[in-house]
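Student: Have a look at this one.
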Amino acid sequence: MSRVVHKFTRTVPHWQPRVTPVKLAEATQAQLDALQVTPSNTKVSDYVLTLAHDVESLKVRSPLFNAIMYDSGGMSRAERELGALAASMVNRCIYCAAVHADRHAKLEKDTAVTDTLFAKGEDADLNDRNRAIFDFARKSAEAPPAAGSAEMAALRDAGLSEEEILDLILSSALFGWANRLMHVLGDPVRQEVKV
Amino acid sequence: MTHNDSTVLTIAGVTNGRAVADATATRANIIEMTQSAENAVLRPEDCGAFDHATRAALAARVARLSADEALAQHYLAGAGDHAVLADLSETGTGQGLGTVVAFVDKVANQTRDIAPEDISGLQSEGVSDADIVRLCELVAFLAYQIRVIAGLRLMQGEPT
């Protein structure tokens, strides 16, 4: 048995699709290319197999995702994860929030920021820089987006460069996209262990 | 890529010589891939149940749900006979798209409230799993594009 996870956690749950993922054995050549399936790499997650239903989107989204989250320069990786986490909390994408809170904690080698965010939400105890980053990303994730000149001024007051601000816009916006796939197309579940 | 080739730079009014253009130039690869994503999501070769005009109309609708009329107009240019779907008072029932339009609206602006029944509702109306994924990608990409544009406008000190 499995149960759906409703609370924010850093312990990454299993993602259970609400639609039937593409079956590898029945995948088209275009799907196999996008999935980068090779004889030595045949493990593909249910999430990616689900997105393979729209192979043209998947093919462009994966490199875009990696560039926004991992390309060098600009904002630190941990701060980009904070932007991703803020959006995921607004959209209540439990799975995305878990993955990116966990990455933030590992990059920082510290769970303090994600602990206080999960315990207190927008009232979390954050330093000025993290506060400005989290608030901008959180407001941007609302629908319609609600970040304004006050949130932008707070980023500049906290010392962020124009390049860092752009990276924050991109990473939080990217999770406007990712949350609408992960949270809509599947459930975060935990397998119940029988004792 | 010049700003004329990029929807996000054009709609946000980013022109060469401004500070924000220096920043976007450092992420030219991302701006370019963002445009490739628009092409893949709005104008794919394999459309499934949603042709280019329907996708354009739904994209304009999602832009309007975030009160971005400039982006809505960008998409309406390709919406043809389906442009009525971008009217927020239109439910889509007349076009046989009532459930689809309701789903698009909810994914766009009430994301956190999406429940398993929203997916099973589409399935019970005969929307295929592949088309459900296509529809999600369309709305999800727009959510990204709308927020990149809003952020770029804010960087330039413009109200959104």
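Line by line, the protein sequences give chains D and Y. With my numbering applied, the first sequence corresponds to residues 2 to 196, in that order. With my numbering applied, the second sequence corresponds to residues 18 to 177, in that order. In this text, a Cβ means the ideal position worked out from N, Cα and C, and glycines have one as well.
Looking at the structure shown, is residue 188 of chain D part of a helix, part of a strand, or coil, going by DSSP?
Tutor: Reduced to three states, the DSSP call for residue 188 of chain D is strand.
Student: Show which residues of chain D have a CB atom less than 8 Å away from the CB atom of residue 54 of chain Y.
Tutor: Here the neighbours are 58, 61, 62, 65.
Student: State the Cα-Cα distance for the pair residue 40 of chain Y and residue 2 of chain D, rounded to the nearest angstrom.
Tutor: For residue 40 of chain Y and residue 2 of chain D, the distance between alpha carbons rounds to 50 Å.
Student: So residue 5 of chain D is in the alpha helix (DSSP H); what residue range does that whole segment cover?
Tutor: Careful: residue 5 of chain D lies outside any alpha helix (DSSP H), inside the beta strand (DSSP E) at 3 to 5.
Student: For the alpha helix (DSSP H) containing residue 15 of chain D, list its first residue and its last residue.
Tutor: Segment 15 to 18 is the beta strand (DSSP E) holding residue 15 of chain D; no alpha helix (DSSP H) there.
Student: Taking 6 Å as the limit between beta carbons, can you name the residues of its chain near residue 159 of chain Y, skipping five residues before and five after?
Tutor: Within the same chain, residue 159 of chain Y has close Cβ partners 76, 79.
Student: By the three-class DSSP mapping on this structure, what secondary structure does residue 64 of chain Y have?
Tutor: It is coil, neither helix nor strand.
Student: On a CA-only basis, which of D/138, D/96, D/175 is nearest residue 190 of chain D? Give me that one, please.
Tutor: The candidate whose alpha carbon is nearest that of residue 190 of chain D is D/96.
Student: Just curious, the alpha helix (DSSP H) that residue 105 of chain D is in, first and last residue?
Tutor: Residue 105 of chain D -> alpha helix (DSSP H) spans 95 to 109.
Student: Chain D beta carbons: is any one of them nearer than 8 Å to that of residue 35 of chain Y?
Tutor: Chain D contact via Cβ: absent.
Student: Considering only the alpha carbon of each residue, which of D/116, D/156, D/121 lies closest to residue 197 of chain D?
Tutor: With chain D covering only 2 through 196, there is no way to say anything about residue 197 of chain D.
Student: Of all the CB atoms in chain Y, is at least one closer than 8 Å to the CB of residue 21 of chain D?
Tutor: Closer than 8 Å: yes.
Student: Give me the residue from D/125, D/141, D/82 with the minimum Cα distance to residue 104 of chain D.
Tutor: The shortest C-alpha separation from residue 104 of chain D is found at D/82.
Student: What in chain D is Cβ-close to residue 26 of chain Y, meaning under 8 Å?
Tutor: Under the 8 Å cutoff, chain D gives no residues; its nearest Cβ is about 12 Å from residue 26 of chain Y.
Student: Have a look at D/194, D/76, D/169, D/98 and flag the residue whose alpha-carbon is nearest the alpha-carbon of residue 86 of chain D.
Tutor: Of the listed residues, the one whose Cα sits closest to residue 86 of chain D is D/98.
Student: Beta-carbon of residue 34 of chain D versus every beta-carbon of chain Y: anything under 8 Å?
Tutor: So no, residue 34 of chain D is outside the interface.
Student: Suppose you measure from the CA of residue 123 of chain D to the CA of residue 62 of chain D; what does that come to, to the nearest Å?
Tutor: Near 29 Å, if we compare the C-alpha coordinates of residue 62 of chain D and residue 123 of chain D.
Student: Quick one: does residue 99 of chain D have its CB under 8 Å from some CB of chain Y?
Tutor: Not one chain Y Cβ lies under 8 Å of residue 99 of chain D.
Student: So residue 59 of chain D is in the alpha helix (DSSP H); what residue range does that whole segment cover?
Tutor: Here the alpha helix (DSSP H) through residue 59 of chain D covers 56 to 71.
Student: Is it a yes or a no for the stretch 174 to 188 of chain D touching the stretch 15 to 27 of chain D, going by three-plus beta-carbon pairs under 8 Å?
Tutor: Verdict: yes, contact present.
Student: Taking Cβ-Cβ distances shorter than 7 Å, what residues in chain Y pair up with residue 166 of chain D?
Tutor: Within chain Y, the residues near residue 166 of chain D are 172.
Student: Any chance you could list the alpha helix (DSSP H) runs of at least 4 consecutive residues sitting entirely within the stretch 23 to 94 of chain Y, in chain order?
Tutor: Fully enclosed alpha helix (DSSP H) runs of 4 or longer: 24 to 29, 36 to 43, 45 to 59, 69 to 82, 86 to 93.
Student: Check the Cβ of residue 173 of chain D against every Cβ in chain Y and list those closer than 9 Å, keeping chain order.
Tutor: Residues of chain Y passing the Cβ test: 164, 168.
Student: Output the distance between the C-alpha atoms of residue 50 of chain Y and residue 60 of chain D, rounded to the nearest integer angstrom.
Tutor: Cα to Cα, the separation comes out at about 11 Å.
Student: Taking 8 Å as the cut-off, decide whether the C-beta atoms of residue 176 of chain D and residue 73 of chain D are in contact.
Tutor: In this structure, residue 73 of chain D does not lie closer than 8 Å to residue 176 of chain D by Cβ.
Student: Pop quiz: residue 54 of chain Y and residue 161 of chain D are said to be a contact at Cβ under 8 Å. What is the actual Cβ separation, rounded to whole angstroms?
Tutor: Wrong, their Cβ atoms sit about 26 Å apart, outside the cutoff.
Student: Looking at the secondary structure, which residues open and close the alpha helix (DSSP H) in which residue 32 of chain D lies?
Tutor: It spans 30 to 36 - the alpha helix (DSSP H) in which residue 32 of chain D sits, taken as one unbroken run.
Student: Starting from the beta carbon of residue 86 of chain Y, find every residue of chain D whose beta carbon is closer than 9 Å, and list them in chain order.
Tutor: None at all; the shortest Cβ gap to chain D is about 12 Å.
Student: Please list the partners that residue 72 of chain Y has in chain D, where partner means a Cβ-to-Cβ separation under 8 Å.
Tutor: Chain D residues near residue 72 of chain Y: none, gap ~11 Å exceeds 8 Å.
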